[in-house]
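Notes for the one structure printed next.
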Amino acid sequence: MYVCVCNAVTDRDIGSAVAEGCCTMQQLREQLGVGTCCGRCTRCAREVLKDTLQASAPRRPFMMQLMPAARAARETPAGNRTPQPFVMQLITA
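Just so we're aligned: 90 in numbering that gives the first Met the number 0 is position 91 of the sequence shown, and the numbers increase by one with no gaps anywhere.
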């Protein structure tokens, strides 16, 4: 889809610019010329930029792991730490 008709900039052009490191409207203006003529495309370009950045943001995978009892401990009301047989632990990359 054309985002900026004046400079023939498409949403794919913006996606490519983001892949090359653009992350602000100023950088898009400098690299692609978006919004430098009539300015009517600025709102749409900003939305496409935001959506593209969100879509390209790395997702942090996670997994659950059983933690050995020796490393897992629970504090009792008396302040003592007692080992638990197994504890699930969230691991993020």
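We put the beta carbon where it would ideally sit given N, CA and C, even for glycine.
Quiz item: How many whole angstroms separate the CB atoms of Cys21 and Leu27, which I take to be in contact at a CB cut-off of 8 Å?
Solution: 6 Å
Quiz item: For Val2 versus Ala44, is the C-beta distance shorter than 8 Å?
Solution: yes
Quiz prompt | For Val17, the three-state DSSP class (helix, strand or coil) | solution = helix
Exercise. Return yes when at least one heavy atom of the ligand ATP lies under 7 Å from the C-beta of Val17, else no.
Key: The ligand ATP is not among the ligands present in this structure, which contains no ligands whatsoever.
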